[in-house]
Amino acid sequence: MVCIASNVSARSTDLQNPSRRQLVQQTHGSFTKGIQTRQINNQRLNIVPLFASNFNNSPKSKFLKNEIVDKALYFWQNALSVKRPSNRNLLIRRDCIDDRLWFFPSKNRSLDTVCEHACHPSAKCHTMQVPENFLQACRTRYGTTGSDGSGIPGDGYLMIVDASPGGLCNDNWLLAYANACQLEGNTDRPILGFINFCPNRLDENYPMSKVLLYTAIHEMGHALGFNRNLYAFYRDEHGRPRTQRDPVTGMPSTPRDEFGIFAPR
């Protein structure tokens with residue numbers, strides 16, 4: 018939680034119980050060889066914003082986009098770089114029926130994750146179904162159906178930007194919240210997430226407009242991986258997991274806390 022003033026706060030979704038799907042959704046790509054240092058040839062994070070209908074229909078959408086979202090995206094795209102970018106576009110994996118996953122070793126000695134029996138038509142992140150052009154074909158243990166979309170760049174991140182009422186926004190003190198929805202399978206880098214602005218708290222006037230900008234930057238950080246839901250997925254400077262992993266699933270083998278979050282000790 019970020020306390021800006023006595024009557025203003027922003028709550029992060031790392032305070033709520035994440036769904037299991039939010040923690041296990043992964044996708045796959047092929048990567049450039051070698052580990053690059055931060056100072057040499059790193060590619061800046063390329064955040065691709067995808068605006069939900071409730072955002073576009075908001076009477077304050079122009080203010081939000083120009084004065085808040087664009088500036089927050091600029092901050093993070095200049096602050097973060099991708100150390101191991103894929104040499105091809107990344108695709109978002111479709112949700113699995115009943116969240117049933119199947120894990121098997123891939124050719125590069127990593128674990129590949131597919132649906133056990135069948136896929137949903139799309140992948141859902143927050144309130145939005147990810148459009149077809151970002152999606153991977155339906156991959157199950159029995160084979161592949163359909164075709165891949167064009168995806169996002171290998172150094173990219175798909176950020177859903179919404180302004181939906183209800184849910185956490187029923188808390189009248191809340192300005193915005195965010196979370197990651199899907200990780201890249203070989204690096205555990207978040208590649209899909211969302212930020213939702215509470216429509217009843219959008220104030221264009223200073224100083225609240227400045228508070229909203231700082232809140233957006235803070236919350237986007239959670240969607241980009243600075244989030245206790247994802248601490249167990251962190252890796253060291255050589256790309257090695259910092260936590261022990263289950264050899265069957267590739268998931269952290271650390272226990273979960275009372276909220277279902279992996280809790281490294």
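For the sequence shown, the numbering used here begins at 18 and goes up steadily by one. For glycine and all other residues, C-beta sits at the position ideal for the given N, C-alpha and C.
Task: With 16 other Cβ atoms within 10 Å as the buried cut-off, status of Tyr174 - done: It counts as buried.
Open item on the list: Out of Gln199, Ser78 and Pro66, which one is the CA nearest neighbour of Ala140?
Closed with: Closest option to Ala140, Cα to Cα, is Gln199.
TODO: Hey, could you find the ends of the alpha helix (DSSP H) Leu229 is sitting in?
DONE: For Leu229, the enclosing alpha helix (DSSP H) stretches over residues Met225 to Ala240.
TODO: State buried or exposed for Ser70, treating a residue as buried only when at least 16 other CB atoms are found within 10 Å of its CB.
DONE: Result: exposed.
Open item on the list: Considering Cα atoms alone, identify which of Ala96, Pro138 and Ala249 is closest to Gln153.
Closed with: Closest option to Gln153, Cα to Cα, is Pro138.
TODO: Count the C-beta pairs between the stretch 218-234 and the stretch 243-252 that are closer than 8 Å, then say yes if the count reaches three, no if not.
DONE: Touching, no, given that fewer than three Cβ pairs across the two stretches are closer than 8 Å.
- [ ] Would you give the residue range spanned by the alpha helix (DSSP H) that Ala96 belongs to?
- [x] Residues Asp87 to Ala96.
Task: Three or more C-beta pairs below 8 Å linking the stretch 106-123 and the stretch 161-178 - done: Touching, yes, given that three or more Cβ pairs across the two stretches are closer than 8 Å.
Open item on the list: If I follow the unbroken alpha helix (DSSP H) through Phe72, where does it start and stop?
Closed with: Note, Phe72: alpha helix (DSSP H), Ser70 to Asn73.
Open item on the list: So, with DSSP's three-state summary, where would you put Ser103?
Closed with: Strand.
TODO: Please list, in chain order, all residues of the same chain as Gln94 whose beta carbon is under 8 Å from its beta carbon, the five residues on each side excluded.
DONE: Annotation for Gln94: Arg61, Leu62, Asn63 and Ile64 place their beta carbon closer than 8 Å to its own, counting only its chain and skipping 5 residues before and after.
Open item on the list: So, under 8 Å CB-CB, Ala89 and Leu230 are touching, yes? Tell me the CB distance rounded to an integer number of Å.
Closed with: The pair is a contact, with the Cβ atoms about 7 Å apart (cut-off 8 Å).
- [ ] Tell me, please, which residues DSSP counts as bridged to Gly267.
- [x] In DSSP, Gly267 forms no bridge with anything.
TODO: Going by CA-CA distance only, name the one from Val178, Lys100, Met268 and Glu133 that's closest to Lys79.
DONE: Val178 is the residue among Val178, Lys100, Met268 and Glu133 whose C-alpha sits nearest the C-alpha of Lys79.
Task: Own chain residues within Cβ distance below 8 Å of Asn59, not counting five before or after - done: Answer for Asn59: Gln53, Ser98, Val99 and Lys100, listed in chain order.
Open item on the list: Using 7 Å as the threshold, is the C-beta distance between Ala195 and Ile212 below it?
Closed with: Yes, these two residues count as a Cβ contact at 7 Å.
Open item on the list: Just to confirm, is the Cβ distance from Arg156 to Trp119 under 7 Å?
Closed with: Taking 7 Å as the Cβ cut-off, Arg156 and Trp119 do not qualify as a contacting pair.
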